[in-house]
Amino acid sequence: MVTSDQQARDFAVIKTSLMSIEINHKRNHTVENEITNFYSWCFSCLWQVNQNPEADELTKKMFDVIRSS
130 MVTSDQQARD FAVIKTSLMS IEINHKRNHT VENEITNFYS WCFSCLWQVN
180 QNPEADELTK KMFDVIRSS
């Protein structure tokens, strides 16, 4: 069973990751200084932000937490 403490930690990790992705996405994927669609973030951005073997696991975890909320 997931405690509310654990869920809060999961959300904090995901929020931080999404902020990093957004910054990277704005840096690399803007058109006329506007982000085209933040929620279609590309997974190459996710990899660039994390640059570690846990990137795939983080992606799965993001979707699991999003689905459960």
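Note that the sequence shown covers residues 130 to 198 in the numbering used here.
Think of the CB as a built atom: it goes at the ideal place given N, C-alpha and C, for glycine as much as any other residue.
Just so we're clear, the structure is a prediction, and the values are computed from it rather than from any experiment.
- Judged by DSSP in its simplified three-state form, residue 145 adopts helix.
- Here the alpha carbon of residue 142 sits roughly 13 Å from the alpha carbon of residue 192.
- Inclusion of residue 190 and residue 139 in the CB contact set at 8 Å is warranted, their separation being smaller than that value.
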